[in-house]
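Chemist:
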Amino acid sequence: MAAKAIEARLRAEARQIRDKYLAPPHTTDFGILFVPTEGLYAEALRRPGLVESLQRDLRILVAGPTTLLAVLNSLQMGFRTLAIEKRSAEVWEVLGAVKTEFGRFGEVLAKTKKKLEEASSTIDAAEVRTRAMTRKLKGVEALPAERVGGLLGALGGDDDEAQS
C-alpha cells in the first residue's frame with residue numbers, strides 16, 4: 010500500500026512540474042523531479058515502468074542525490090553544444106556576407122586596375138610625344154633664360170607659378 014502511495018505521489022509531483030514549468034519553446038521540453046534521498050530514489054527505480062512512464066508521458070526525468078550532478082553536467086554540455094552550433098551558424102552567415110562583399114571588391118579592384126592601365130598608357134603616349142617633339146626641336150637653338158621668362162610670361166605663364 011505504501012509503495013502505491015509513493016508511486017501516486019511521484020506521478021502527481023511529475024504532473025505538477027510539467028504543468029507549472031514546461032512551456033516549450035520558452036522552456037525546455039522536459040523537467041527534473043529531484044528525489045531527496047537515495048532510498049526514495051531506489052524505490053522509484055524499483056517500481057516497474059514508473060521512471061520510463063514519467064519520462065515518456067510527462068517528459069519528467071527522475072534524479073536522486075547521486076545522479077543529479079551527472080544530469081546537470083550533461084545538460085550543461087548539451088546547452089554549450091547548442092550555443093556553439095548557434096554561434097557557428099552566425100559565423101557561417103557572416104562568412105557568406107564577406108564572400109559576397111569580396112566579390113564586389115574584386116569588381117571594384119578590376120575597374121581600378123583598368124583605369125590605372127588607361128592612365129599608364131596615356132602617360133606612355135605623352136612620353137612618346139615628348140620624345141618626338143624633342144627630336145624635332147633638336148635643331149632649334151635654345152634661348153637665354155632671361156628671354157624665356159619674358160616670352161613665356163607674355164603667353165600667360167609665370168616663372169614663380171611654373172616652379173611651384
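Here the working numbering is used: the first residue of the sequence shown is 10, the next is one more, and so on. Yeah, the Cβ is synthetic: ideal placement off N, Cα and C, and Gly gets one too. Computed from a predicted model, the values in this text were never measured in an experiment.
1) Residue 27: buried (16+ other C-beta within 10 angstroms of its C-beta) or exposed?
2) Here's a check: name, in chain order, each residue in its chain whose Cβ is nearer than 7 angstroms to the Cβ of residue 22, leaving out the five neighbours to either side.
3) Compute the Euclidean distance between the alpha carbons of residue 192 and residue 30, then round it to the nearest angstrom.
4) State buried or exposed for residue 40, treating a residue as buried only when at least 16 other CB atoms are found within 10 Å of its CB.
5) So, helix, strand or coil for residue 40, using DSSP?
6) Using the Cβ count rule (16 or more neighbours within 10 Å means buried), how would you classify residue 53?
7) For the beta strand (DSSP E) that residue 81 lies in, which residues bound it at each end?
8) Would you grab the beta carbon distance between residue 71 and residue 44 for me? Rounded to a whole angstrom, and I think it's under 8 angstroms.
9) Please report the straight-line C-alpha distance between residue 13 and residue 33, rounded to a whole angstrom.
10) Output the boundary residues of the alpha helix (DSSP H) element that contains residue 60.
11) List the DSSP bridge partners of residue 21.
12) For residue 72, which of helix, strand or coil comes out of DSSP?
13) Can the beta-carbon of residue 59 be found closer than 7 angstroms to that of residue 16?
14) Which first and last residues belong to the alpha helix (DSSP H) in which residue 55 is found?
15) Excluding five sequence neighbours on each side, which residues of the same chain lie with their C-beta closer than 8 angstroms to the C-beta of residue 160?
16) Taking the straight line between their C-alpha atoms, what separation do you get for residue 83 and residue 107?
17) Would you call the CB atoms of residue 69 and residue 77 closer than 7 angstroms?
Modeler: Let me lay it out:
1) As a position in the sequence shown, residue 27 is number 18, starting the count at 1. Only buried fits residue 27, as 16 or more other CB atoms lie within 10 angstroms of its CB.
2) For the purposes of this step, residue 22 is taken as the residue at position 13 of the sequence shown. For residue 22, where only same-chain residues beyond five positions count, the Cβ hits under 7 angstroms are 42.
3) Outside the displayed range of the chain (10 to 173) lies residue 192, so it cannot be described from this structure.
4) One-based indexing of the sequence shown puts residue 40 at position 31. With 16 or more Cβ atoms within 10 Å of its Cβ, residue 40 is classed as buried.
5) For the purposes of this step, residue 40 is identified with residue 31 of the sequence shown, where counting begins at 1. In the structure shown, residue 40 sits in a strand (DSSP, three-state: E or B).
6) Working through the sequence shown from its first residue, we reach residue 53 at position 44. When all chains shown are included, residue 53 counts as buried.
7) Mapped onto the sequence shown, residue 81 falls at position 72. Where residue 81 is concerned, there is no enclosing beta strand (DSSP E), although the alpha helix (DSSP H) it sits in stretches over 77 to 145.
8) Taking the first residue of the sequence shown as position 1, residue 71 is located at position 62. Taking the first residue of the sequence shown as position 1, residue 44 is located at position 35. Between residue 44 and residue 71 the Cβ distance is about 6 angstroms, and since that is below 8 angstroms, they are a contact.
9) Reading the sequence shown from its first residue, position 4 is the one you call residue 13. Reading the sequence shown from its first residue, position 24 is the one you call residue 33. C-alpha separation (whole angstroms): 31 angstroms.
10) On the sequence shown, position 51 is the one that residue 60 refers to. Residues 59 to 67.
11) By 1-based counting over the sequence shown, the position of residue 21 is 12. Beta-bridge pairing links residue 21 to no other residue.
12) Counting from 1 along the sequence shown, the entry for residue 72 is found at position 63. Strand at residue 72.
13) As a position in the sequence shown, residue 59 is number 50, starting the count at 1. As a position in the sequence shown, residue 16 is number 7, starting the count at 1. Their beta carbons are under 7 angstroms apart, which means residue 59 touches residue 16 by this criterion.
14) Counting from one through the sequence shown, the residue named residue 55 turns up at place 46. In the DSSP assignment, residue 55 falls within the alpha helix (DSSP H) that extends over 47 to 55.
15) Walking along the sequence shown from the start, residue 160 turns up at place 151. For residue 160, where only same-chain residues beyond five positions count, the Cβ hits under 8 angstroms are 152.
16) For the purposes of this step, residue 83 is taken as residue 74 along the sequence shown, with counting starting at 1. For the purposes of this step, residue 107 is taken as residue 98 along the sequence shown, with counting starting at 1. Looking at the two C-alpha atoms, the distance is approximately 36 angstroms.
17) Within the sequence shown, the letter at position 60 stands for residue 69. Within the sequence shown, the letter at position 68 stands for residue 77. It is not a contact, given that the beta carbons lie outside the stated cut-off.
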